[in-house]
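For reference, the structure discussed in these notes is given below.
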Amino acid sequence: MAGPIEASTLGNIGIQLMTLDELANVDEFRQVVRGNAALTTFTPNPDSEIARFVAQFQPQQTKELCA
């Protein structure tokens with residue numbers, strides 16, 4: 000799964016299949032997903048450019064909006 004949209008889509012499909020008695024329970028649905036979807040784990044890269052953007056953003060947080 001890549002994000003909340005994909006998770007919501009699969010969750011809706013799972014509920015429909017359980018409602019139609021095609022699947023017995025959530026555990027069975029999880030087994031189906033694991034067996035039929037290529038799951039990839041994404042790990043944040045601490046060496047990415049995010050540190051540069053954070054450094055630019057932090058001073059903005061302390062500025063007065065109205066003087």
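Counting from 1, position 8 in the sequence shown corresponds to residue 7 in numbering that gives the first Met the number 0; the numbering is continuous, with no gaps. For glycine and all other residues, C-beta sits at the position ideal for the given N, C-alpha and C. Note that this is a predicted model, so its numbers are computed, not measured.
Original post:
Is it right to say LEU22 is buried, meaning 16 or more other beta carbons lie within 10 angstroms of its own, or is it exposed?
Top reply: buried
**OP:** With DSSP as the reference, label ASP20 as helix, strand or coil.
**Re:** coil
**OP:** State the DSSP-derived secondary structure class of ASN35, mapped to helix, strand or coil.
**Re:** helix
Original post:
With C-beta atoms as the reference, is LEU9 less than 9 Å away from VAL25?
Top reply: no
**OP:** With DSSP collapsed to three states, give me the class of PHE41.
**Re:** coil
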